[in-house]
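Chemist:
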Ligand code: GLU
């Protein structure tokens, strides 16, 4: 049986961009008679809030989405909240360390920004770490550890390539080393998204990952992690983002497009679902619908190739009637 998931981070209220991904991930599984999982990715305790997680569950239900496994309904792969799964991540880190692939990094954020080489290609939106702490002697590591707790990085060999066939974007190939050695555990002890998502998707036997295109480059790093942890990688579908007229993603700060705000204005969930389905190419024009009605219409090939621009007309369609 195919298994898919929606894995939100509870760092803000759900907005239309999140709802778009959730709806498509749900449709992908429901149209394949698969299992749909909800997982809360709350490892970043500085930014995650329990009340946002509650709002997310409530907003998803309000839209008409359901899940077979999740924090509230349980399931055979529980727990479904990442902060309750730390031992699994530590176990994976121990395995990576046994393979000789991890090293402590003492560089501060400012140092990394200063030494970073010009970012390019797949990882164009972040500074590339040059791996300088990899060569520290054992004695030097010990000395520095007395002054500062290090982050833990994963060594990514230069000759590694990762390839996959994205269900939306087609064949992809890239070298994870282009992004530099990446952090698997931060200096403050927080496990990185890259590691946690791979450990969880593998443990939860996820076969299909559908998520926003902003996470495309992460797939190279995650592909490398699947390889070294000796786990089969899922298939991927990176769906277009909803952006504003200036090319910026609809972000959590666009408060007027949160589901909470739309709901309190009196917008019916069916209108939101119908509009999102139209944006996904599943309906010629927007019409109010329950998600259930879209199951027979779901086709990944209908998704537009490029990002979707949110316009005043879309906004107007959502005005309460
Ligand atoms: N938790 C991540 C986010 O909210 C998504 C993880 C994923 O789908 O791989 O951006």
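Numbering (the working numbering), first residue to last: 15 to 335. Note that beta-carbon positions come from the ideal geometry of N, C-alpha and C, so glycine has one too.
Would you call residue 15 buried or exposed, if buried means 16 or more other Cβ atoms sit within 10 Å of its Cβ?
Modeler: exposed
Chemist: When the distance is taken between beta carbons, is residue 213 closer than 8 Å to residue 195?
Modeler: no
Chemist: Could you give the uninterrupted runs of the beta strand (DSSP E) lying entirely in the stretch 245-319, keeping only those of 3 residues or more?
Modeler: 249-253
Chemist: Using a Cβ-Cβ cutoff of less than 7 Å, which residues in the same chain neighbour residue 46 once the five nearest sequence positions on both sides are dropped?
Modeler: 16
Chemist: Under three-state DSSP, which class holds residue 190?
Modeler: helix
Chemist: Check whether the Cβ atoms of residue 95 and residue 56 sit closer than 8 Å, and answer yes or no.
Modeler: yes
Chemist: Do residue 34 and residue 43 have their C-beta atoms within less than 8 Å of each other?
Modeler: no
Chemist: Quick one: residues in its chain with C-beta nearer than 6 Å to the C-beta of residue 235, no 5 flanking neighbours on either side, listed in chain order?
Modeler: 190, 196 and 208
Chemist: Terminal residues of the continuous beta strand (DSSP E) containing residue 226?
Modeler: 222-226
Chemist: Contact between the stretch 301-315 and the stretch 282-289: three or more CB pairs below 8 Å?
Modeler: Touching, yes.
Chemist: With a threshold of 16 other CB atoms inside 10 Å of the CB of residue 65, please say whether the residue is buried or exposed.
Modeler: Exposed, because fewer than 16 other Cβ atoms sit within 10 Å of the Cβ of residue 65.
Chemist: If we ignore side chains and look at the alpha-carbon of each, how far apart do residue 324 and residue 27 end up?
Modeler: 19 Å
Chemist: For ligand 1, is there any heavy atom lying closer than 7 Å to the beta carbon of residue 52?
Modeler: No, Cβ of residue 52 sits at least 7 Å from all heavy atoms of ligand 1.
Chemist: Is there contact between the stretch 217-237 and the stretch 248-261, where contact requires at least three CB pairs shorter than 8 Å?
Modeler: Yes: the two stretches touch, three or more of their Cβ pairs being nearer than 8 Å.
Chemist: What do you get for residue 211, buried or exposed, if any count of 16 or more other CB atoms within 10 angstroms of its CB means buried?
Modeler: buried
Chemist: Using the C-alpha atoms, what's the distance from residue 245 back to residue 168?
Modeler: If you take the alpha carbons of residue 168 and residue 245, they lie about 17 Å apart.
Chemist: So, is residue 139 buried or exposed, given that buried needs 16 or more other C-beta atoms within 10 angstroms?
Modeler: Burial state of residue 139 is exposed, judged by a 10 Å Cβ sphere holding fewer than 16 other Cβ atoms.
Chemist: Taking the continuous beta strand (DSSP E) assigned at residue 112, which residues delimit it?
Modeler: In the DSSP assignment, residue 112 falls outside any beta strand (DSSP E) and lies within the alpha helix (DSSP H) extending over 100-112.
Chemist: For residue 79, does the three-state DSSP call read helix, strand or coil?
Modeler: coil
Chemist: Using CA atoms only, rank isn't needed, just tell me which of 319, 291, 72 and 117 is closest to residue 310.
Modeler: 291
Chemist: In the DSSP assignment, what are the bridge partners of residue 121?
Modeler: Looking at the DSSP assignment, residue 121 forms no beta bridge with any residue, so it has no partner.
Chemist: What's the call for residue 142, buried or exposed, on a 16-neighbour Cβ count within 10 Å?
Modeler: buried
Chemist: Just the C-alpha distance for residue 233 and residue 280, rounded to the nearest angstrom, thanks.
Modeler: Distance between the alpha carbons of residue 233 and residue 280: 38 Å.
Chemist: So residue 199 and residue 166 are supposed to be a Cβ contact under 8 Å. How far apart are they, rounded?
Modeler: 4 Å
Chemist: Rounded to whole angstroms, what's the CA-CA distance from residue 263 to residue 271? Just pull it up for me.
Modeler: 12 Å
Chemist: Considering Cα atoms alone, identify which of 19, 288, 123 and 89 is closest to residue 331.
Modeler: 288
Chemist: By how many angstroms is the C-alpha of residue 115 removed from the C-alpha of residue 109?
Modeler: Residue 109 and residue 115 have their alpha carbons spaced roughly 9 Å apart.
Chemist: If you count every other CB in all the chains shown that lies within 10 Å of the CB of residue 21, and 16 or more means buried, which is it?
Modeler: buried
Chemist: Looking at residue 305: is its Cβ nearer than 8 Å to the Cβ of residue 78?
Modeler: yes
Chemist: Three-state secondary structure (DSSP) at residue 209?
Modeler: helix
Chemist: Check whether the Cβ atoms of residue 153 and residue 120 sit closer than 8 Å, and answer yes or no.
Modeler: no
Chemist: Hey, how far is the Cα of residue 124 from the Cα of residue 58?
Modeler: 20 Å
Chemist: Would you say the beta carbon of residue 23 is closer than 7 Å to some non-hydrogen atom of ligand 1?
Modeler: yes
Chemist: Is residue 189 near ligand 3, in the sense that its beta carbon is under 7 Å from a heavy atom of that ligand?
Modeler: This structure simply doesn't include ligand 3; it includes ligand 1 instead.
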